[in-house]
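Here's the structure, in structure tokens; my notes come after.
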Amino acid sequence: MLFLDSLAVSCQSRAMTLDIKICGLKTDAAMAAALAGGASHVGFIFFARSPRYIEPVDAGRLRRAAIGKAKAVAVTVDADDAFLDEIVAGMRPDMLQLHGAETSERVAELKARYGLPVMKVLSVSEAADLDRLKPYIGIADRFMFDAKPPKGSQLPGGNGVAFDWRILAGLDAGLDYMLSGGLNAANVGDALRLANPPGIDISSGVESAPGVKDPALIEQFFRAVRAARDDRAA
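Okay, structure coming up:
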């Protein structure tokens, strides 16, 4: 694990900016709500078993609204080159997010193949899980920490479950990552206070049903984030 004694410096710098990714978008209304709220990233899921799955060509149409406003992220799970070729050609993402068992060698290979930054997702439930970072340091451009899926789930993410966010408090202050897993308007303030992440990612927490983004819940989430940040600045 990566620890620094200068967490106070880290907290101060991270308080200045916070990336927010709304993931699993499939409709114009949801995209509009994400951009209106100030999302820095918008994500599209290319995993067939997910209720948030979208075809690359449809994601390409939606992501046009984000050009110049937010980075478009293609989320894949152990995808092969042929499918990734289709995604990159159809969607033209700004970043790839790898949510499977991709090795550090695979991350490096895809960065070279597509010339795109890569965010590697690691599922965690305890501090020891953070040791899995080591092979990816200096290769992945960014990390995402998500909760391990519950037993029986066929989805690597988007399960609406959280982990103990406090285990992230000791991460290297220079590590660029997003916190994901079980976030919603009711608990995002606790997540920001306990982990102080440089970025957060939400999907099921702004849905009225699995895969159905609710613009009102997206707006509510952004209000909660702003309120939490205002409280910390006071």
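Using the UniProt record's numbering, you'd call the opening residue of the sequence shown number 1 and step up by one each time.
We put the CB at the ideal spot given by N, CA and C, even for glycine.
Per-residue burial, residue i [other beta carbons within 10 Å of its own, 16 or more giving buried]
i	result
residue 213	buried
residue 207	buried
residue 146	buried
residue 57	exposed
residue 100	exposed
residue 102	buried
residue 76	buried
residue 26	buried
residue 174	exposed
residue 120	buried
residue 36	exposed
residue 24	buried
As assigned by DSSP and simplified to three states, the class of residue i
i	result
residue 207	strand
residue 161	coil
residue 179	strand
residue 122	strand
residue 218	helix
residue 189	helix
For residue i, the first and last residue of its enclosing alpha helix (DSSP H)
i	result
residue 37	28-37
Top-ranked residue by Cα proximity to residue i, from the options
i	options	result
residue 170	178, 196, 182, 78	196
residue 41	231, 168, 202	202
residue 21	126, 204, 233	204
residue 105	199, 140, 190, 175	140
residue 67	31, 97, 119, 75	31
residue 65	230, 28, 123, 77	28
residue 82	113, 72, 71, 54	113
residue 109	45, 136, 210	136
residue 117	125, 134, 88	88
residue 180	98, 17, 165	165
residue 148	163, 142, 138	163
residue 144	97, 93, 193	97
residue 122	224, 177, 74, 226	177
residue 49	227, 211, 126	211
residue 142	73, 225, 194	73
residue 219	33, 69, 19, 23	33
residue 190	217, 44, 172, 232	232
residue 168	186, 127, 38	127
residue 59	192, 133, 46, 38	46
Run of the beta strand (DSSP E) containing residue i, from where it starts to where it stops
i	result
residue 166	Careful: residue 166 lies outside any beta strand (DSSP E) and carries neither H nor E.
residue 147	142-147
residue 129	Where residue 129 is concerned, there is no enclosing beta strand (DSSP E), given that its DSSP letter is neither H nor E.
residue 199	199-202
residue 139	Neither: residue 139 is in no beta strand (DSSP E) and is coded neither H nor E.
*Along the chain, which unbroken stretches of the alpha helix (DSSP H) at least 4 residues long are found entirely within the stretch 39-107?*
DSSP runs (the alpha helix (DSSP H)) wholly in the stretch 39-107: 56-63, 81-91.
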